[in-house]
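Written out below as structure tokens is the structure these notes cover.
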Amino acid sequence: MFDKEFTDFYGQDYIIKIVPISLERIYNAGLIKLNRDTDNAVVKLNNEIENKKNQILNQVQPLPPEDISSKMKTLEDYKTMKLVIFTIAGLFGGIFLGAAYFGMKYLFSGKITSSEYLKNLYGLKNIAVLHESSFSKEIPDEKVRLENAVEILSAGKKKVVLVSTLEGKDISNATEIISTALSRSGVAYDFVKDCKLKEITDSDAVIIVEKLDVSVLDAARVEIENLLAYKVSVDGIVYA
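The sequence shown lines up with residues 683 to 922 when you count with our numbering.
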């Protein structure tokens with residue numbers, strides 16, 4: 683019908699011929715095999731990958747759950763140990779610094795800290811040292827030694843003056859022993875703080891009484907130098 687309509691419209695100038703066309707697929711056996719082999723290889727490779735993944739997962743064991751309490755205990759032990767170490771270090775450090783502080787304060791206090799200093803400086807005799815320091819106990823043997831020494835030194839004398847830069851109450855432990863020994867020997871005595879010319883020139887001898895860690899060194903030196911300048915007979919030094 684289409685052919686008739688076409689012919690009627692255009693006339694005989696155009697001739698329509700119907701050519702049969704055959705549509706069919708051309709199959710290449712080689713390409714089909716290659717495609718199939720490739721698909722099989724991909725499937726095989728995927729299977730091998732899955733198998734390897736499963737093997738790895740089976741070999742890797744899960745980690746045991748962490749024992750948090752054990753770690754906390756270890757941490758607490760560590761903190762305790764550090765606290766003990768720092769406490770001990772602080773304690774010894776504090777003791778050292780404290781000792782250094784008081785040591786420096788003691789050395790530079792300006793007090794008489796050694797019974798040998800004035801003895802060596804002025805060539806005076808140490809009659810007795812009742813205390814080796816202000817914080818030490820009285821030495822009993824030195825009390826006996828002081829008493830005996832005073833009796834010997836006062837022999838043939840009428841008056842002995844006790845001289846000190848300190849108040850009598852600060853050195854009473856020594857002055858009481860000396861005064862008792864002098865009285866027993868029948869020798870008059872007097873106590874003078876900061877020696878004065880009149881008192882000492884009326885005496886036959888002078889005994890200097892000071893106290894370690896209490897008497898001021900410069901004051902004691904002035905006292906001794908005045909006595910030596912007055913040409914007074916100094917029997918020696920007693921450290922109360």
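For each residue, glycine too, the CB sits at the ideal point set by N, CA and C.
Quick caveat, the model's predicted, so the values are computed rather than measured.
Taking buried to mean at least 16 other C-beta atoms within 10 Å of its own C-beta, is residue i buried or exposed?
i, result
"Thr857", "buried"
"Tyr788", "The predicted model places Tyr788 with a pLDDT of 43, which falls under 50 and marks its position as unreliable; any figure quoted below should be read in that light. Tyr788 comes out exposed."
"Glu907", "exposed"
"Val916", "buried"
"Leu910", "exposed"
"Leu773", "exposed"
Bridge partners for residue i per DSSP, in chain order?
i, result
"Ile890", "Val845, Ile919"
"Asp872", "Val843"
Along the chain, where does the beta strand (DSSP E) that runs through residue i open and close?
i, result
"Asp823", "Per DSSP, Asp823 belongs to no beta strand (DSSP E); it is in the alpha helix (DSSP H), 822-835."
For the alpha helix (DSSP H) containing residue i, list its first residue and its last residue.
i, result
"Val904", "899-911"
"Ser854", "854-866"
What do you reckon, are the CB atoms on residue i and residue j nearer than 9 Å?
i, j, result
"Ala902", "Ile890", "yes"
"Ile850", "Phe873", "Checking the displayed sequence, the identity of residue 850 turns out to be Gly instead of Ile. Taking 9 Å as the Cβ cut-off, Gly850 and Phe873 qualify as a contacting pair."
"Lys793", "Val896", "yes"
"Val914", "Val898", "no"
"Ile821", "Glu829", "no"
"Glu892", "Ser854", "no"
"Tyr921", "Val811", "yes"
"Ile809", "Val842", "no"
If we require 4 or more residues per run, which alpha helix (DSSP H) segments fall completely within the segment 792-822? 797-804
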